[in-house]
Structures are given as C-alpha cells and as structure tokens.
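I have placed the structure first, in the form of structure tokens, so that the comments after it can refer back to it.
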Amino acid sequence: MKALENEISDERILIEAAQRDPACFTELYENNFDRVYAFLVRRVGSRDEAEDLTAEVFHQALAGIGRFQWRGLPFVAWLLGIAGNLLRDRWQRAAKQEVQIEADAEADEIAGADDNTEQRALLFQLVDGLPQDQRLVIIRRFAEQRSLREIAQELQRSEGAVKQLQLRALENLRNRIRSNHE
Amino acid sequence: MSSLSFADQLDQSIGILMAQPNAAHGHADAGLSELLGIAAELRLFPRPQFKQRLKADLLRQALLVSEAAPARVNTRVLEVAPRPKPAQPQPDILPTLFGVGYGSYPVRRSNFVTSLAAHAAVIALMLGSSLWLTGRHPKVGHQFVTELTIPSLYSPPAYQQNHGGGGGGDRDKLSASKGELPLLAREQMTPPTVIVRDSKPELAIAPTVVAPPMTMPQAPQMGDPLAAISGPPSNGAGSASGIGDGTGGGIGSGEGAGIGPGSSGGYGGGVYRIGGGVTAPRAIYDPDPEYSDEARKAKYEGTVVLWAVIGADGRPKDIRVSRALGLGLDQKAMEAVRNWRFQPAMKDGRPVAVQLNIEVNFRLY
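Protein sequence lines correspond, in order, to chains Z and X.
FYI, our numbering numbers position 49 of the first sequence as 49, with every residue one higher than the one before it.
Each number in our numbering corresponds to the 1-based position in the second sequence with 1000 added.
Structure (structure tokens):
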C-alpha cells in the first residue's frame, strides 16, 4: 500500500514536471509504454498496427499534457482512455467499410486495462530485466523474428548454445512471473 | 542430455508457433506448454528500435512545444494588455502643482520638480536602509558537479557495480582481520600485510594499495576495513600477497592491487561515475532548499557540498555531506535533495546508478 502511494506520488511529481517542461514527458513514456502497448496489441493482434496506435497515443498525450488534471487516478488510466478512443475511431472507420459488426462487441471491451493486459505488460517489463545475452536472444527471436542460425552467427555461438539461452530465458521469465504472483 | 533434448523440443515448437500463430499448440508436457504460452505472448513483443525511435520523436516534439510556448504567451500579453495612457493631471486634487488658481504669483515648475526628486530620494534611502537593516533576502541555488569525491572508504555505497578493486591474502585459514587501509598511491611497491613474514627486509618500503591518493589517518593495525572480525590477525584466504579473499596484492575480494571487489586497482564496489559512456542524470524535480532560521538570523552564507548516489530509478540515495556549512543548512540541503527526482544516468541504453556531487549555494541578498 505504502509502495503504491509512493508510486502515485512519484507519478504526480513526474506529471507536474512534464507540464512545466515537456521534455520530462519521456520519463512518463518509459514508465507506461509497456502497458499501453500491451493493451493495444491484445486488441489489434498485430505488432505493426499496435506500434502505430501506441505512437499516436503518446503523441496525443504529450500534446495534451498541459490540460491533464490530477484526480488521483494512475496516469496510465488517462493513456488507456486515449488508446480506447483511438481504437473506437479505427473500428468505426472499419465498420463503415463493411468489415464486421463484431467491432461493436469488441468496442465494449475497451473500457479499461484487464488482467490479460497487465500480464502481458509485466512480461514485456520482465524481458528488460533478463541478463544481457538472454534478453538479446528473446528480442532477436521474437521481436525481430530471426532464425536460430542468424542469432548464433551474430552472437558467434553454436546453435545449441543459443537454444540453451532461449530455454533459460523462457524459464527465467516463467520463474519471475511466478514470484511476482506470490 | 535430457536438458538439451528439451531445448530442441522447445525450439521446434517455437518454430511452429512462429510460422502458424493461429494453430492449436497443445502439448502433453506441462512444463513445455507453459514455456510455449510465454513464447506465444512474446510473439508480439515490441521492437526495441520502435520504442527508442518513438522516444526520440516525443523528445523532439517536446522540445518544439517548449520553444513555441513562450512566444505564444508573449503574443497573448501583447494583444490583451491595453496601451498605457499618459497620466492626466488632476487639477482638483493638486492645484498648486499646475499653478491653477494662483494668478497672483506664478508657480515655478523647476523648483517643484527638484523638491519632489529630493524628497523621493530621501524616502528611497530611508526605505532601502531599513530593509537592509531588518534582514537580507535569502537566495538558494544549486548545481551539479560530476567530479567524484568519496567521503569515506569505511562505509562504501550499497550499490554493487565493478569499478576496479583489488584483493589479496596469503592462503590463511582465517578470514582477513579488520583494520585500516594502508597509504593510497598510484603505484604499489610493497603490498599490505597484517602478519609480517619478513621482519628484517633488505629495503623497507611502506605498503600501499593502488587507488587515487588521498590523505588518510594512519592507524597501527592494518587490515580489511570491511572485515567482520578484528582478530586474530590474518592476511586472509586469498593469494598472491595483500589482505582479503581475493588475489593480487590489494585489499578485499577482488583482483589486483586496489581495494574491494573488481579488478585492476582503484576502489571496487562503488557505483558508476559519469563519463566514459555513462551519461549524467538530469534533474526533473529539484526545488531549492529553504534557508534555516538560525542561518538567516546570523546572516550566514556559504556552499554545502553533498555527495549522493542517483539510483537507476532516479531517486537520490546515500546522501552525505561532503562539505558542511552548519547552522542547520546542511540538514536543509539534505532534506531538499532527498525529494529530488532525476532522469537516471544511462549506460548502454540502460539506467544505472551514478555518484554525483551537488553544490547548494546559500546566499543572502
């Protein structure tokens, strides 16, 4: 509880700093990127589209940071509100193009971050905390979709060694997720 | 062997997962299924380049906003502010000033203006001197100094990063005993030792460790300052002379002729220093400290130098007074700095803890 209060008070300080000097917004960006991206990627299911939307959310947030009023809610709630509006706009445009009616049903889902989003955001944050070589393998394999051979060449290791690194990285992530839940 | 086959099996399944993301991936092995679940989530992991590029774009946009903001404010002020009107004389209030109704003798304006200026000067002098006597306005400022000052070797910071260091020992069964550091020098001629094996050396040279030279009081009992026990005397379980569990003629658990963990001389176990690939932290919230009542009453001025570690989370930690001023100003400076927030220092794209000197200037004007 105390930690949460500290986190919120820190966030308030960061928001006030960003309102005085917009260059400080990058700190808020770093703190909230994973959650916004996880929220969007779950709903659009495509990395490219989620990246476009994430960029739009943060650009809009930066443009409007001066108008932001602190009401005790975490900053990410405001960001997810922007993200939800962008998704609605996008789906409404898609609906006009006779894509599908399902969009309305999915639009109801946008209301806020759910457990799945939080889980995914946590996983993305945990990747940043992996040892350097394991983190590199995860990024190359999953984010950049490189083959094991390419990664082995880059790291100048055998494919077997990279497989082991991949295994250790995933086990490491599993253990960290478990300990986070305890 | 079984671990390798598991890794192979996992990689094969990941290959299928990447090729056919929408296919069902049920697996008999629960452990494998769990890892594949994580892998499935990671398929949509954001590209680090995207994250960095977006950050750079936002920073650029932020700078444009910062530059545009003052111009907008000025424009608005110019539009809204009414044009100042010339002061109109009020003959009914000060008729003598303008000579109204004094037809019998004319008023000399030059005399009146001279008198007014003289009165105004006297009043200004009285007000100014009384303000000067009753109290001067305190002004507090601060600046960051990136040069390193280590206030004490006996209580090193808690954040462990390797930055040089050293260690030694002579394979004693006991751990190194507690004691003081020898002289600090840029070169080592003789390693430090707790138990002197050769009591009559041909050429006696004072033992040293390799670290930036610093004047320190010399105590009779040499040893590892961070050792848990004071005795019995021991050089420690390390090797190649010196004191501690390490190797190489220094003191502590590292390698080389320095002090503490790490290698190649210098101090080990400290935090990063700014420079050489480590960027400086940037203050994003740094309100100035207040002046203490005692110092204000005593019209006391000066500069407090604080040493702090700016953690990877941007919070100042381990704040110590490097140069004290007294009269409560040190405490005021520390209280303020404790609440500051920084954009952390970066090394290789990751936030790291760094040490920083902060000069806080207390002035009365």
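For every residue, glycine included, the Cβ atom is placed at its ideal position computed from N, Cα and C.
Residues bridged to residue i (per DSSP)
| i | result |
| --- | --- |
| X:G1167 | X:S1253 |
| X:D1224 | X:K1178 |
| Z:L66 | In the sequence as presented, Leu is not what sits at residue 66 of chain Z; that position holds Gly. In DSSP, Z:G66 forms no bridge with anything. |
| X:M1346 | X:P1351 |
| X:T1208 | X:L1183 |
| X:L1356 | X:A1308 |
| X:G1275 | X:V1278 |
Host beta strand (DSSP E) of residue i (start-end)
| i | result |
| --- | --- |
| X:V1196 | That residue, X:V1196, is in no beta strand (DSSP E); it is neither H nor E in DSSP. |
| X:R1341 | R1341 to Q1343 |
| X:S1322 | P1316 to R1323 |
| X:V1304 | G1302 to I1310 |
| X:I1284 | R1282 to Y1285 |
| X:L1183 | L1183 to A1185 |
Contact check, residue i vs residue j, beta carbons under 7 Å
| i | j | result |
| --- | --- | --- |
| X:R1372 | X:I1284 | Absent from the structure is residue 1372 of chain X, since the part of chain X shown begins at 1001 and ends at 1365. |
| X:A1324 | X:D1330 | yes |
| X:G1169 | X:G1249 | no |
| X:V1210 | X:G1258 | yes |
| X:I1016 | Z:L170 | no |
| Z:F142 | X:F1045 | yes |
| X:D1245 | X:S1253 | yes |
| X:A1176 | X:G1236 | yes |
| X:T1279 | X:A1345 | yes |
| Z:L79 | Z:F25 | no |
| X:P1192 | X:P1207 | yes |
| X:K1178 | X:G1223 | yes |
Among the options, the one whose alpha carbon lies nearest that of residue i
| i | options | result |
| --- | --- | --- |
| X:D1286 | X:G1238, X:R1273 and X:Q1343 | X:Q1343 |
| Z:N175 | X:Q1355, X:E1034 and X:Q1061 | X:E1034 |
| X:P1048 | Z:E159, Z:Q125, Z:N172 and Z:I177 | Z:Q125 |
| Z:N38 | Z:A121, Z:E11 and Z:D128 | What sits at residue 38 of chain Z in the sequence shown is Ala, not Asn. Per the Cα distances, Z:A121. |
| Z:V137 | Z:N116, Z:G160, Z:T117 and Z:Q119 | Z:G160 |
| X:Y963 | X:D1348, X:N1339 and X:A1298 | Residue 963 of chain X lies beyond the range of chain X shown here (1001 to 1365); nothing can be said about it. |
| X:N1357 | X:G1179, X:L1306 and X:S1175 | X:L1306 |
| Z:Q132 | Z:Q153, Z:Q145, Z:N172 and Z:I82 | Z:N172 |
| Z:N85 | Z:E56, Z:W70 and Z:S147 | Z:E56 |
| X:E1180 | X:R1171, X:I1229, X:K1173 and X:S1199 | X:I1229 |
| Z:R178 | Z:R140, Z:Q119 and Z:Q156 | Z:Q119 |
| Z:N32 | Z:A83, Z:Q145, Z:L130 and Z:D89 | Z:A83 |
| Z:L28 | X:V1354, X:D1313, X:F1112 and X:L1327 | X:D1313 |
| X:M1018 | Z:E144, Z:S158 and Z:Q156 | Z:E144 |
| Z:L53 | Z:Q134, Z:Q92, Z:R168 and Z:V36 | Z:V36 |
| Z:E49 | Z:A152, Z:R90, Z:I151 and Z:S9 | Z:R90 |
Span of the alpha helix (DSSP H) around residue i
| i | result |
| --- | --- |
| Z:V44 | F25 to V44 |
| X:I1243 | From DSSP, X:I1243 is part of no alpha helix (DSSP H); its letter is neither H nor E. |
| Z:D133 | Q132 to I138 |
| Z:V162 | E159 to H181 |
| X:A1333 | L1329 to R1338 |
| X:A1381 | Residue coverage of chain X in this structure runs from 1001 to 1365, which leaves residue 1381 of chain X outside it and unanswerable. |
| X:A1039 | A1030 to L1042 |
| Z:E154 | L148 to L155 |
Neighbour flag for residue i against chain B, beta carbons, 7 Å
| i | result |
| --- | --- |
| Z:V44 | In the structure shown, chain B cannot be found, because the protein chains are Z and X. |
Using a Cβ cut-off of 8 Å, which residues of the stretch 50-74 of chain Z contact any Cβ in chain X, in chain order?
A50, E51, T54, A55, F58, H59, L62 and A63
Cβ-based contacts, 8 Å cut-off: residues of the stretch 1022-1056 of chain X near chain Z
E1034, L1035, I1038, A1039, E1041, L1042, R1043, L1044, F1045, P1046, R1047, P1048, F1050, K1051, L1054 and K1055
Give the residues from the stretch 24-36 of chain Z that approach chain X closer than 7 Å (Cβ to any Cβ), ordered along the chain.
C24, F25, T26, E27, Y29 and F33
Under 8 Å, CB to CB, which of the residues in the stretch 136-158 of chain Z have a partner in chain X?
I138, I139, R141, F142, A143, E144, Q145 and L148
Which residues, in order along the stretch 1277-1297 of chain X, keep a beta-carbon less than 8 Å from a beta-carbon of chain Z?
I1284 and Y1285
Would you list, in chain order, the members of the stretch 114-129 of chain Z that have their beta-carbon closer than 7 Å to a beta-carbon of chain X?
R120, L123, F124 and V127
Name the residues in the stretch 161-182 of chain Z whose C-beta lies less than 8 Å from a C-beta of chain X; which are they?
K163, Q164, Q166, L167, L170, E171, L173, R174 and I177
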